[in-house]
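In what follows, a single structure is set out as structure tokens and then discussed.
Residue numbers (this note's numbering), protein chains in the order written: chain A, 754 to 991; chain B, 6 to 353; chain C, 9 to 288.
Here is the structure:
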């Protein structure tokens, strides 16, 4: 399913975080939002997720206007920089959370939920870790759990906010590869936020470069490198 | 699971007590009546006995059970509580002024309340004496000894305590007699209060400060309070010293008409107060070291009360209204001698 | 750990500091507490039992528990709501609300009591209205409950606000992104995250509710067997030179406080795994 961001603006008390941003992401695409801190990239991702709401502008999923829908109604999976795992729940219960809270009518049977958890653990290469608690896992493992949890309800989009930001270089590379494989396997439209242009170029189909609340350029990595749209892009990717 | 344990613990903690709760039943129902007696500090033991005796008598005569709710505290503070809505059927306070204020502020009893019962509505009298430590180590004989350097005097705060106001006036009377003028009196009490290390808010608090905490060399106390402390707190630890001059204290009692009417207790409240004047009531009063009004009972117990020359509030101070305004109201004599800095003791 | 960290003082200083801390606790805390129990039981267990089962003592105990049973749950509800509003949402009058929550800490308990006398006393703002309708607030149980709520209401909120601020909003946002409703988020995510802080707040509020003297003293009217809570009853007994009974009831009050602390320790011990898993 496609995502259309139309003329979205957002101010935080004094400074503008987004100043009339438009963006169209096609179905199945893997997009990176790249920019320095304060460029508005995380705000844009949160507005797409429904965790923040724009002052003006429209968000469409396919043809539907979802601008005023809360996050819970948007059918998204969200991965946070610091994982945001529920510390009092086991890995399995974390992953199953989105299913466990469904109303009785819509909720799959117990066994079905457990099967789904096992399937997701396998997908993120953490088989056998279901009974552990988040505090007993490494950072990379935690982020895999967070990814599995975000995927449990078969979201329409996967949104990741600096998903590798808190990890060291080696784990980062491993996880980056795993994410690309998973994306290709399930073909889910995905957006991730990063300030690291190498990471963006290595992973994404297309990269949107943000600066001061505006999109400077939105194109495939090769095109950005060949034909930077502005002096800012040139210096940022250098 | 954890959550359930937690909730259980929380609800157990806060709800378990409810199971054993019962509302306090008040008022009169069927063949019983209930009186709320709001009293001053030192009368706890007195009214415990009076209440028992009266309840027996009333039950025998009228066939009605009567029970009592007692509230004790500094006389001024108790008066304030009744003004603020504590629904006393009867008030039995340390001095007339505290009941005058209730009458004036709430109109729940008439201004002439003091004329309704015999002897100015005071069923007993008392006076102010000195309580000193065993053997009287500082050799305190009379008022003049209290202003000697190095003598610590314990008295409650006249702002909140009825007893303390009697203490103050007795001291003033002595100062005036010894020096021959009001100026001399003021000099005397100023010196006296310079020797007071702590001002409790009620007579009982002051007694505890002196007797239990061991502070001070001499306690200015109600005569009955002095006797009680001597008896209750280990015989032989204290001695009573009767000064050459003191003041006749007339702690009055009154029915708070409107409250009693509201509770349907007017008759029993009146009978309760009149019971204090009967020989039986007077005997109980004497037993608790208050000076009985009844001549016969008084004669019987005369040996126990020292002969002291006593000033009276009406003759020597122009009545409580005048004394209150002159000495104890804000900006009065007491404020000027204490420089406004009331060194309060324990908060109560 | 036997290795010295660069921050550590020399051994002698370390033991001196520990010794001072223990001595201080012993002098300030344990000695008076021990005295209470010693005095309470000096006359024997029978005397103690008599003092705490005597009818005025029983009604004081009942009243104290009743007041705590009303005030504590109300303040838990308020504390949760206030902490939730302050830490998870942004709104204009946040600093004002924070200041107001602290108010009972900065106001003398006596003043807290007087506020209610001024409002509901016979001479107060609503006094005559209440009197006409026969509603008793001051010098009755409702006044005592109100005064207790007033002095205990910061405890739960104050315990939760720093905790919830530190935890941030991301756990809640994660739950929302996974489709949870606001209530589900609160119940499954927020509450488990704050339960130890909440429990601690409840225990503190409960201890204060049962032990409050000043504010309750002002609104109580001191009617024996009716509006005397345990602390007030202890004062009455003490003032009647009935020291054995005063200390007996005081020891019971201390036991109630200790029971709540022990309860907290037991809960923490039973769930130490879950607490350790939190990683803080």
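Heads up, the beta-carbon is just placed ideally off N, CA and C, and yes, glycines get one too.
Do we get a CB-CB distance below 8 Å when we pair residue i with the residues of chain A?
i: residue 244(C); result: no
i: residue 181(C); result: yes
i: residue 205(C); result: no
i: residue 273(C); result: no
i: residue 200(C); result: yes
i: residue 186(C); result: yes
By the three-class DSSP mapping on this structure, what secondary structure does residue i have?
i: residue 787(A); result: strand
i: residue 102(C); result: helix
i: residue 294(B); result: coil
i: residue 933(A); result: helix
i: residue 964(A); result: strand
i: residue 158(B); result: strand
i: residue 768(A); result: strand
i: residue 840(A); result: coil
i: residue 64(C); result: helix
i: residue 757(A); result: strand
i: residue 353(B); result: Interpretation of residue 353(B) is limited by its pLDDT of 34, a score under 50 that renders its predicted location unreliable; no figure is taken from the coordinates.
i: residue 45(B); result: strand
i: residue 260(B); result: strand
i: residue 946(A); result: strand
i: residue 224(B); result: strand
i: residue 143(B); result: coil
i: residue 301(B); result: helix
Could one say the Cβ of residue i lies closer than 8 Å to chain C's Cβ atoms, at least one of them?
i: residue 237(B); result: yes
i: residue 804(A); result: yes
i: residue 279(B); result: no
i: residue 97(B); result: no
i: residue 854(A); result: yes
i: residue 289(B); result: no
i: residue 829(A); result: yes
i: residue 213(B); result: yes
i: residue 111(B); result: yes
i: residue 785(A); result: no
i: residue 906(A); result: yes
i: residue 851(A); result: yes
i: residue 33(B); result: Confidence at residue 33(B) is low in this model, with a pLDDT of 41, below 50, so the placement of that residue is unreliable and no value is reported for it.
How far does the alpha helix (DSSP H) with residue i in it extend, from its first residue to its last?
i: residue 312(B); result: Careful: residue 312(B) lies outside any alpha helix (DSSP H) and carries neither H nor E.
i: residue 976(A); result: 974 to 979
i: residue 171(C); result: 162 to 175
Looking only at its chain, what residues have a beta carbon closer than 8 Å to the beta carbon of residue i, apart from the 5 residues adjacent to it on each side?
i: residue 189(B); result: 180, 181 and 183
i: residue 105(C); result: 90, 93 and 94
CB-CB under 7 Å to residue i, same chain, minus the five flanking residues each way: which ones, in chain order?
i: residue 275(B); result: 260
i: residue 59(C); result: 65, 252, 253, 256 and 257
i: residue 132(B); result: 228, 251, 252, 253, 254, 313 and 315
i: residue 216(C); result: 159, 160 and 163
Span of the beta strand (DSSP E) holding residue i?
i: residue 77(B); result: 70 to 78
i: residue 810(A); result: 809 to 814
i: residue 97(B); result: 95 to 97
i: residue 334(B); result: That residue, residue 334(B), is in no beta strand (DSSP E); it is neither H nor E in DSSP.
i: residue 392(B); result: Because chain B is modelled from 6 through 353, residue 392(B) falls outside the range shown and cannot be assessed.
Among the options, which has the Cα closest to the Cα of residue i?
i: residue 86(B); options: 340(B), 63(B), 111(B) and 65(B); result: 111(B)
i: residue 831(A); options: 910(A), 766(A) and 889(A); result: 910(A)
i: residue 76(B); options: 216(B), 269(B) and 40(B); result: 40(B)
i: residue 169(B); options: 211(B), 191(B), 246(B) and 114(B); result: 211(B)
i: residue 870(A); options: 848(A), 840(A) and 919(A); result: 848(A)
i: residue 938(A); options: 873(A), 772(A) and 808(A); result: 873(A)
i: residue 800(A); options: 790(A), 811(A) and 951(A); result: 811(A)
i: residue 270(B); options: 102(B), 51(B), 242(B) and 71(B); result: 71(B)
i: residue 207(C); options: 276(C), 227(C) and 174(C); result: 276(C)
Short of 6 Å in beta carbon distance, which residues of its chain neighbour residue i, apart from the five on each side in sequence? Order them along the chain.
i: residue 976(A); result: none
i: residue 176(B); result: 194 and 197
i: residue 794(A); result: 786, 788, 946 and 963
Report yes or no: is there a C-beta of chain B within less than 8 Å of the C-beta of residue i?
i: residue 139(C); result: yes
i: residue 229(C); result: yes
i: residue 147(C); result: yes
i: residue 83(C); result: no
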